[in-house]
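Okay, structure first, notes after.
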Amino acid sequence: MIQSSSLDASVLFDESIAVLWIGGLLLDGIEWFLDHVFGAGMDVLADLLGTPMLGYPYMQRAYLAAVCIAVIGPVVGTFLVHREMAMIGDTLAHTAFAGVAVGLFLNSALSLTLSPLLTAFVVAVVTALLVELLVEHAGAYSDTSLAIVLTGGFAVGSILITATDGGIAVGIDAYLFGSLATVSTENVGILVLMSVIVGSLVTLAYRPLLYVTFDATAARAARLNVHLYKRLMVVLTALVVVSAMQIMGVILVAAMLVVPVAAAAKVAQSFKQSILLAIFAAEFAAIAGVTLSYVYGIAAGGSIVVAAIAVYAATFGFQGVVQRLLTVWRLRSRRLGQTREGLEADGGERE
């Protein structure tokens, strides 16, 4: 027994060392990318445009983080919106807030050094699986289940904050509202890693996810594991939410799952096109929002969301123009067809 315990401890120690080593390599890789690739490119752009802010390291981190959020948000959000599960992003964001509060509470009460993002990841993933289970069994009352989990998560977070006499309230503000100044290299590394993971998983499981999104019954008939793919999507949503909360803030992070997708849906003619247009809309909103945040000293998350809503509002005008053009074209085609029929009926010649 003693030998077995010693062996297990040795294996666990070796695995921990391996994880730390891999994590260190990833962090070094992100730092190298930020300094020598992305940072160097931004420095050149700053000189060309005469905008010094593009050369500041913290702004470069903020822009890269925003670009990553603008990719993974719409990729996952497109599936959620078409499943009519847009509210799940908001639900997981509020439970991620509880996860952050758990981490800060444990650090304060037990003098630990847990990362609040780590506890937020754990809480959000567990909640995502619970939410999917509730939705499966709640049926028509799925929105009620989501509302209960949302308010419950925020309630737990507020209780933990007050349990320490407000001592962790200062630490949690950055997670509630987001901040450009608090975006660290580690945060950017997490977002880049999540972008790779989410993008790879969605690419590999694209067709099954598409079938499950639009026709779960047909997917079951085709012997697809519908429950597995639904759980995969909510877990990916949880990862996106927690990854993005540092810059967007808990309150606004869910908007990047919904608003760009809603804007793209107004003009897209296919599902793939909807994803691509949503990413373009989100990228514009993210870059514009970060820029406005720096120039006017306002919240980054709020700026990004307002920019995304502006894009959504603009699609209404664009959609109206397209619809009017299509209506005119159809009317002219119909009149031309009627004219030709009249000429033929009267013995006239076809033009």
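Under the working numbering, the sequence shown is numbered contiguously, ending at residue 355. The C-beta atom is built at its ideal place from N, Cα and C for all residues, glycine as well. Because the structure is a prediction, the values reported are computed rather than measured.
Shown here for M252: same chain residues with a beta carbon closer than 6 Å to its own, the five before and five after excluded, namely G182, G305 in chain order.
Within the model, the alpha-carbon separation for A124 versus A102 is close to 7 Å. Going by DSSP, I201 is part of the alpha helix (DSSP H) stretching over 189-208. Here the C-alpha atom of R336 lies approximately 36 Å from the C-alpha atom of T82. With contacts defined as CB atoms closer than 8 Å, V196 and V80 fail to qualify as a contacting pair. DSSP places S183 outside both helix and strand once states are collapsed to three, so it counts as coil.
Taking a C-beta distance under 8 Å as the contact criterion, V254 and Y300 do not qualify as a contact pair. Taking C-beta atoms as the reference points, L236 and L205 count as a pair closer than 8 Å.
DSSP places Q277 in the helix class (H, G or I) of the three-state scheme. Straight through space, the alpha carbons of A311 and E35 are spaced by roughly 29 Å.
G157 sits close to T131, with the two beta carbons spaced by under 8 Å. The criterion of a C-beta distance shorter than 8 Å is not satisfied by M91 and L137. With fewer than 16 other Cβ atoms inside 10 Å of its own Cβ, V48 counts as exposed.
Across the set T155, G59, L122, F37, the C-alpha of L122 shows the shortest separation from the C-alpha of Q250.
Here the segment 281-291 lies against the segment 261-269, with 3 or more beta-carbon pairs under 8 Å apart. Rounded to the nearest whole angstrom, the CA to CA distance from I152 to A159 is 10 Å.
Between I76 and A290, the C-beta spacing is not below 8 Å.
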